[in-house]
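What follows is a short report on a single structure.
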Amino acid sequence: MSKPDAAALVLEDGRVFRGAAYGAVGQTLGEAVFCTGMTGYQETLTDPSYHRQIVVATAPQVGNTGWNGEDNESVGPDGSANDAKMWVAGFAIRDASRRASSWRANGTLDEEMRRQDVVGIAEIDTRAVVRHLRTRGSMKAGIFSGDALADVDTLVERVQSQPSMAGADLAGEVSTTSGYVVEPEGEARYSVVAVDLGIKSNTPRMFARRGIRVHVVPATATIDQVREIGADGFFLSNGPGDPATADSVVRLTEEVLGDGTPMFGICFGNQILGRALGRGTYKMKFGHRGLNIPVIEHETGRIAITSQNHGFALEGEAGEEFDTPFGRAIVSHTCANDGVVEGVRLLDDSAFSVQYHPEAAAGPHDAEYLFDRFLTLLDKKVGK
Ligand SMILES: NC(=O)CC[C@H](N)C(=O)O
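Quick note: to get my numbering, add 1447 to the position in the sequence shown (first position is 1).
See below:
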């Protein structure tokens, strides 16, 4: 094997980690964030919420299970996840597995990153990177290899020249441009409009499995388009960027809340519903990204171990009740590690959302019951 090119991960505060090129050789810029999942790198790399982010894996060795045709979380324009895109801006790891070993693999991660032109870096001390990001916060970064390498001052300047994640309006960059329908498995019981702000492929699958037909619509969908579909429920997906920029989707959500349509939201969707209920959002220091993050549901005391990927959050306190134009609401869930808001709900149960990932791809299935709760809500409100 030939020796890989030298590569460098450069942070905006001038910290440099030198390693070896992994995946495509060249230059990439993005926000450096760390993900603590020990598995599930394919789902992470294809999750549209990671658009414009350089993911640092804390798992010490990555690539062991190669790349397969089944675990993509991004969705192509036709709603299919086959051959879908890696959305991360870059990937930083410690050890690259020398072999891919899985009966499902049809290639290696390294090859797939090269095929999709995703620049990565290996052989860096990822523990040191994470400690740095945990102390200083997520920050602008770049990975450079091959001809893109230059003196440190030049690289830091390039890193600093990119726009910041705070204030970034990115849902439009990952959303489908035309709508599509995901048919239910078995008998159709209900239908839902799902606004694609960066939707993961497992989410429509979770609805479909419960007999719900999913009309996926672009982030730019208008209230008239939503009403014309006339679905039984409304869903707000996950997605990249700063929720403070998502004014038009917040307006749409307010209209739908006014119609009294049963509503469910995940991650970015939780931030949007929260905003429609009058809450503010803020950028977290380093966010929550991993597969074992504990969340408390305050009314039951029940704890779920959850899959998460967010760098922004809603303002609020555990169990806090507040008035909204649509009735009284509650901060229903918070993170057991740091008290960050992880869910909101209208007290009459007609709309609820969570900051974590009940579709769990990858991740534990503790929170999947929330899809059943939405089904119960549809039974109650629509009752077919
Ligand atoms: N996964 C998501 O939907 C992320 C939401 C938002 N972009 C955040 O970082 O907080």
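Every residue gets a Cβ at the ideal spot worked out from N, C-alpha and C, and that includes glycine.
What did DSSP end up calling residue i once you bin it into helix, strand or coil?
i, result
"V1758", "With the sequence shown as reference, residue 1758 is identified as Gly, and Val is not the correct amino acid for it. Looking at G1758 - three-state DSSP - the assignment turns out to be strand."
"Y1497", "helix"
"R1562", "helix"
"S1622", "coil"
"A1635", "coil"
"N1511", "coil"
"I1676", "helix"
"L1793", "strand"
Would you say the beta carbon of residue i comes nearer than 7 Å to a heavy atom of ligand 1?
i, result
"S1585", "no"
"Q1609", "no"
"A1688", "It should be noted that the sequence gives Gly, not Ala, for residue 1688. Yes, since a heavy atom of ligand 1 falls inside the 7 Å radius drawn around the Cβ of G1688."
"G1758", "yes"
"S1496", "yes"
"C1714", "yes"
"N1515", "no"
"N1685", "yes"
"Q1718", "yes"
Measure the alpha-carbon distance for residue i versus residue j and round it to whole angstroms.
i, j, result
"M1653", "A1723", "25 Å"
"A1691", "I1750", "29 Å"
"D1826", "T1708", "12 Å"
"A1569", "Y1469", "6 Å"
"R1446", "D1770", "Within the shown structure, residues of the chain are numbered from 1448 to 1831, placing residue 1446 beyond reach of any answer."
"L1456", "Q1489", "21 Å"
"A1655", "V1522", "15 Å"
"E1630", "P1811", "25 Å"
"G1487", "D1785", "24 Å"
"G1766", "V1787", "12 Å"
"G1727", "A1547", "44 Å"
"G1763", "R1698", "21 Å"
"E1744", "G1758", "21 Å"
"Y1637", "V1565", "39 Å"
"T1700", "A1809", "28 Å"
Exercise for the section: Would you mind listing the beta strand (DSSP E) stretches within the region 1706–1788 that are 3+ residues and don't spill past its ends, in chain order? Expected result: 1710–1713, 1728–1744, 1749–1761, 1768–1771 and 1774–1782
Exercise for the section: Quick one: which unbroken alpha helix (DSSP H) runs of 4-plus residues sit fully inside the region 1799–1830? Chain order, please. Expected result: 1816–1828
Exercise for the section: Starting from the N-terminal side, write out each stretch of the beta strand (DSSP E) that is 3 residues or longer and does not extend beyond the region 1530–1556. Expected result: 1537–1539 and 1552–1554
Exercise for the section: State whether the region 1793–1812 contacts the region 1704–1721, with contact taken as three or more CB pairs (one from each stretch) at a distance under 8 Å. Expected result: yes
Practice task
Evaluate the contact criterion for the region 1762–1781 versus the region 1677–1690: three or more CB pairs, one atom per stretch, below 8 Å.
Solution key: no
Handout entry: 3-residue-minimum beta strand (DSSP E) runs that sit fully inside the region 1463–1487, ordered along the chain
Key = 1463–1470 and 1474–1482
Practice task
Inspect the CB distances between the region 1557–1574 and the region 1466–1482 and report whether three or more fall short of 8 Å.
Solution key: yes
Exercise for the section: Evaluate contact between the region 1801–1810 and the region 1642–1649, counting only Cβ atoms and requiring at least three cross-stretch pairs below 8 Å. Expected result: yes
Exercise for the section: Indicate whether the contact test is met: 3 or more Cβ pairs, each with one atom in the region 1601–1609 and one in the region 1619–1635, closer than 8 Å. Expected result: no
Handout entry: 3 or more residues per run - each beta strand (DSSP E) lying fully within the region 1578–1621
Key = 1586–1592
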